[in-house]
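2 protein chains.
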Amino acid sequence: MRKILIVGLSILCSQLSFSQNSNKQEDSLNLRKLYDMSLLNGKSYLWLEHLSNDIGGRLSGSLDAQKAVEYTKKELETLGLDKVWLQPVMVPKWVRGAKEFAYIETAPGSTRNINITALGGSVSTPMGGAKAQVIEVQGIEDLARYGEAQIKGKIVFYNRPMRADLINTFEAYGGCVDQRYSGAAEAAKYGAIGVLVRSMNLRLDDFPHTGTMSYGELRPSQRIPAAAISTNDAEYLSSLLKIEKKAEVYFKLNSEQLPDVQSYNVIGEITGSEFPNEYIVVGGHLDSWDVGDGSHDDGAGVVQSMEVLRLFKESGIKPKRSIRVVLFMNEENGLRGGNKYAEIAEEKNENHIFALESDSGGFTPRGFSFEARQDQFNQIAAWESLFKPYLIHYFELGHGGADIGPLKNGKTVLAGLVPDSQRYFDHHHSENDTFDQINKRELELGAATMASMIYLVDKYGLSNTSEVSKL
Amino acid sequence: MRKILIVGLSILCSQLSFSQNSNKQEDSLNLRKLYDMSLLNGKSYLWLEHLSNDIGGRLSGSLDAQKAVEYTKKELETLGLDKVWLQPVMVPKWVRGAKEFAYIETAPGSTRNINITALGGSVSTPMGGAKAQVIEVQGIEDLARYGEAQIKGKIVFYNRPMRADLINTFEAYGGCVDQRYSGAAEAAKYGAIGVLVRSMNLRLDDFPHTGTMSYGELRPSQRIPAAAISTNDAEYLSSLLKIEKKAEVYFKLNSEQLPDVQSYNVIGEITGSEFPNEYIVVGGHLDSWDVGDGSHDDGAGVVQSMEVLRLFKESGIKPKRSIRVVLFMNEENGLRGGNKYAEIAEEKNENHIFALESDSGGFTPRGFSFEARQDQFNQIAAWESLFKPYLIHYFELGHGGADIGPLKNGKTVLAGLVPDSQRYFDHHHSENDTFDQINKRELELGAATMASMIYLVDKYGLSNTSEVSKL
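See the structure below:
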């Protein structure tokens with residue numbers, strides 16, 4: 001009996017191990033197929049060329065955002081998906097108006113122009129512009145120290161730089177972005193008449209970087225105009241203030257918040273063959289800022305996500321679960337698309353098991369960060385060796401993505417593609433975010449990496465699916 | 001007795017483990033220090049700016065190569081090293097002469113200019129240029145198939161592209177570069193009058209990429225001119241030949257091989273405090289091609305190697321073994337510097353335990369490839385976890401570097417820094433290898449990664465050193 005049991009166990013084990021090996025071999029071949037197809041006959045780069053060069057910057061509510069909706073829907077319709085549709089969502093419409101203008105004046109006639117760009121959501125300056133002395137601070141914390149006595153009537157210049165010693169540049173961004181987001185609201189409380197914020201950029205260059213900001217609870221009459229200043233000009237201004245404390249800055253913004261307008265998330269779906277009610281989402285955001293053409297933020301994520309579904313169709317891999325590409329509208333200044341998608345998903349009681357976002361640039365992919373329970377993360381981390389041939393090595397718990405964030409419910413696993421981050425803030429939200437700064441292979445490797453992860457999630461399931469198997 | 005032995009063993013183990021922990025903590029802190037110093041106060045980027053923008057392309061035997069020798073020697077002399085010297089080496093001097101010119105002619109007067117660049121070492125065309133019909137081949141193997149009947153009097157056009165499906169772009173390069181290196185020598189045997197080679201570039205663009213070539217055993221009278229053609233023009237020519245089989249190409253090269261001239265390797269040393277006769281080398285090559293300014297190939301490797309010694313001096317880490325920076329001359333078209341260095345090292349019976357080269361571009365470092373025995377590799381691989389905070393994950397057996405290759409003797413461990421390779425061949429040996437294509441942080445991360453490896457090799461030794469310890 002005991003012998004039989006042992007023999008039986010060892011047969012079972014060898015069968016298990018045979019099935020594991022054959023699974024692993026099939027997975028290796030399928031990942032290779034996905035990478036080959038993306039690198040040899042991919043469409044992501046062509047799509048991005050159109051989105052970036054023919055359409056351009058796609059701020060929510062703009063004509064170009066609408067063109068991007070129409071173009072990506074049309075392209076998804078060519079892929080033979082089971083469904084393609086638009087999901088209506090009202091979005092804020094902020095417009096920059098005529099280009100900003102600014103200079104530093106040390107004495108009448110002694111001026112130097114500086115590069116600025118209005119922050120997204122900023123009010124305009126008075127019609128004739130705003131001019132005042134400048135007080136440089138290293139962060140919001142400094143305001144209380146200087147107090148109304150030293151701030152009132154002045155322009156507050158937030159100049160805390162991103163930390164160059166942090167390896168992950170997003171961490172450096174996280175350590176500074178409060179100046180941009182809340183700097184104006186806080187400075188207004190001390191009577192400042194405007195705000196300049198050092199661009200969120202690790203490099204010294206002439207591109208001012210915009211980005212969203214908020215006035216918090218301030219009444220419209222209390223709001224002050226806010227702009228980013230390029231890192232080169234921030235360095236210059238800071239040096240100058242050391243010797244010319246009374247130097248004044250003049251700046252003029254022409255921005256305006258208009259009423260909300262109709263827009264859309266663009267969605268395409270391959271319906272699952274076995275578990276059609278279990279949804280896997282892959283996405284990026286279709287809107288971008290209006291400076292540059294939004295190639296890295298987030299044209300790359302958009303076309304990579306579209307490519308994932310194309311790769312499934314072209315490779316003949318039929319998913320068991322339903323896979324949706326979602327091109328979210330309005331990540332940059334409202335997150336209305338992400339919120340709307342999650343709201344409708346909840347209304348329809350759709351079981352989302354996994355959502356993957358690409359919104360960290362189109363650079364060489366290094367891996368993923370996961371918002372997941374430890375047991376779910378362990379399941380996924382067991383697949384890591386399959387990615388080794390593609391130099392994908394980063395599997396860590398961390399942030400998923402802004403647009404998929406509203407899907408968070410304790411069960412759905414959220415994940416973000418993690419590309420190399422070193423160059424990202426050279427481009428982010430600036431005129432330097434352009435198509436020529438995209439490397440075709442890096443973009444395509446990202447798409448294949450995303451498709452591979454989704455292939456594995458679909459095949460093996462996760463602890464939140466009706467059926468789950470091990471590699 | 002037995003009890004005493006066990007107690008004794010367990011004390012020994014806990015001491016070992018304590019010393020391991022304290023070593024590991026010290027190593028973590030020292031690596032952090034090296035990365036911080038490189039990212040916050042590094043000199044590599046400033047040095048490269050001078051080498052690239054103020055000096056420029058540094059082909060062996062040129063005035064600019066000599067300027068680079070003088071500049072780097074002078075800079076090394078500011079670092080407080082124990083020795084800085086020039087090691088004389090005679091180098092070949094090939095000159096491009098006036099810029100190349102080429103066009104395709106389908107009928108008299110119906111021409112289209114194409115972008116070409118003479119391969120390094122090529123003879124010139126006849127004074128009036130060369131003009132002939134073109135035969136397109138996919139590689140040297142094709143020549144025998146077409147034979148003299150179809151090749152004689154024609155220009156052979158090697159058009160096998162680099163494979164886009166290979167993740168490591170150097171592997172794709174290795175699969176094509178025989179066309180460039182030996183294409184002319186082989187085509188001449190079949191009576192070809194010239195050779196055009198598709199640029200070693202994965203991207204479609206207008207930059208022709210030069211690089212070294214050899215005529216093998218061919219007598220001077222048998223040598224035919226050879227040039228690279230840009231990938232865009234290679235695609236165009238190939239398409240055209242399908243419909244206009246008799247299209248001719250005209251090209252004119254003005255290159256010339258002059259007598260060898262005097263040049264130098266530049267060397268600096270920190271002499272080891274405990275084992276001064278055990279040498280660790282870190283280096284890159286000071287020469288570059290004459291197109292572009294050689295920022296990635298190999299200005300980056302040069303300044304990173306200089307930075308390694310600067311980081312040791314500035315951090316106060318005193319190496320036990322002697323650490324040398326060697327800036328090799330003539331990697332591109334002769335390897336005379338690498339050969340000379342190894343020759344002198346052997347003459348002087350210097351025990352080189354480790355040599356690390358950076359010659360794969362200034363991109364984000366991913367790790368190292370090692371030419372080492374398995375036991376030596378295992379020693380080094382045990383340090384991998386120390387690099388994890390810096391996203392350094394690639395530790396594999398493989399190629400060290402061309403310049404350090406002559407040091408290979410079965411004992412010396414050779415290693416190459418492995419940066420991300422996706423963009424490298426967009427730049428390599430072309431006018432697109434310029435300073436603006438260098439990201440400061442990526443360059444600095446590479447320097448810190450190299451310094452960290454050398455710190456560990458120096459501290460723990462390897463199986464070829466007089467003393468070796470474990471982490």
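Sequence lines, in order, name chains E and P. The opening position of the first sequence corresponds to residue 1 in UniProt numbering, with each subsequent residue numbered one higher. The opening position of the second sequence corresponds to residue 1 in UniProt numbering, with each subsequent residue numbered one higher. The beta-carbon is built from N, C-alpha and C at its ideal position, and this holds for glycine as well.
Take the alpha-carbon of P:Y250 and the one of P:A102: they are about 5 Å apart. E:H393 has a beta carbon lying within less than 8 Å of a beta carbon in chain P. Inclusion of P:A184 and P:I224 in the CB contact set at 8 Å is warranted, their separation being smaller than that value.
Secondary-structure assignment with DSSP links P:L335 through no beta bridge to anything. Taking 4 residues as the shortest admissible run, the region 337–412 of chain P contains the following complete alpha helix (DSSP H) segments, listed from N- to C-terminal end: 374–381, 384–387. Below 8 Å, too few C-beta pairs join the region 370–388 of chain E and the region 427–442 of chain E to call them touching: fewer than three. Residue environment analysis places E:D233 among the buried positions, since at least 16 neighbouring C-beta atoms fall within 10 angstroms of its C-beta. Contact with chain E is found for P:R366, since one of that chain's Cβ atoms lies less than 8 Å from the residue's Cβ. Residue pairing by DSSP places P:S263 opposite P:V89 in a beta bridge. Counting only residues of its own chain and dropping the five nearest sequence neighbours on each side, P:A192 has a CB closer than 7 Å to the CB of I151, K154, I155, V156, I224. In this structure E:E171 is exposed. Its beta-carbon is surrounded by fewer than 16 other beta-carbon atoms within 10 angstroms. Between P:H209 and P:T117, the alpha-carbon positions lie close to 7 Å from each other.
Excluding its 5 nearest sequence neighbours in each direction, E:F354 has C-beta neighbours in its own chain below 6 Å: I280, V413, V457, listed in chain order. When only Cα atoms are considered, P:K24 and P:L81 end up about 28 Å apart. Judged by their CB atoms, E:L59 and E:S430 are not nearer to each other than the 8 Å cut-off. In the three-state scheme derived from DSSP, where H, G and I count as helix and E and B as strand, E:G299 is classed as helix. At a cut-off of 8 Å between C-beta atoms, E:K440 counts as an interface residue with respect to chain P.
Of all alpha-carbon atoms in E:P319, E:W47, E:L202, E:E136, the one lying nearest the alpha-carbon of P:L39 is that of E:L202.
For E:L335, no CB of chain P lies under 8 Å from its own CB, so it is not counted at the interface with that chain. Sorting P:I243, P:L46, P:L143 by C-alpha distance to the C-alpha of P:V303 places P:L46 at the top.
P:D297 is outside the set of residues whose beta carbon lies under 8 Å from a beta carbon in chain E.
A residue is called buried when at least 16 other Cβ atoms come within 10 angstroms of its Cβ; P:I243 does not meet this threshold and is exposed. Taking the C-beta atoms as reference points, E:S221 is found no nearer than 8 Å to E:N159.
Per DSSP, the unbroken alpha helix (DSSP H) holding P:A172 starts and ends at 169–174.
In summary, no residue of the region 106–118 of chain E has a CB separated from any CB of chain P by less than 8 Å. Chain E places no beta carbon closer than 8 Å to that of P:A227, leaving this residue out of the contacts. In the structure shown, E:G283 falls within a strand segment according to DSSP collapsed to helix, strand and coil. By the C-beta density criterion, E:E346 is exposed, having fewer than 16 other C-beta atoms within 10 angstroms. Under the Cβ criterion of 8 Å, E:I380 is not counted among the residues facing chain P. In the three-state reduction of the DSSP assignment, E:R324 falls in the strand class, which pools E and B. Distance from the CA atom of P:E217 to the CA atom of P:R336, rounded to whole angstroms, is 20 Å. Going by DSSP, E:A184 is part of the alpha helix (DSSP H) stretching over 177–188.
A contact is defined here as three or more CB-CB pairs under 8 Å, and the region 63–79 of chain E meets this definition with respect to the region 257–267 of chain E. Counting of Cβ neighbours within 10 angstroms places E:E136 among the buried residues, the total reaching 16 or more.
Look at P:D205: its C-beta is not under 8 Å from any C-beta on chain E. The residue from E:D293, E:I167, E:L34 with its alpha-carbon nearest to that of P:P389 is E:I167.
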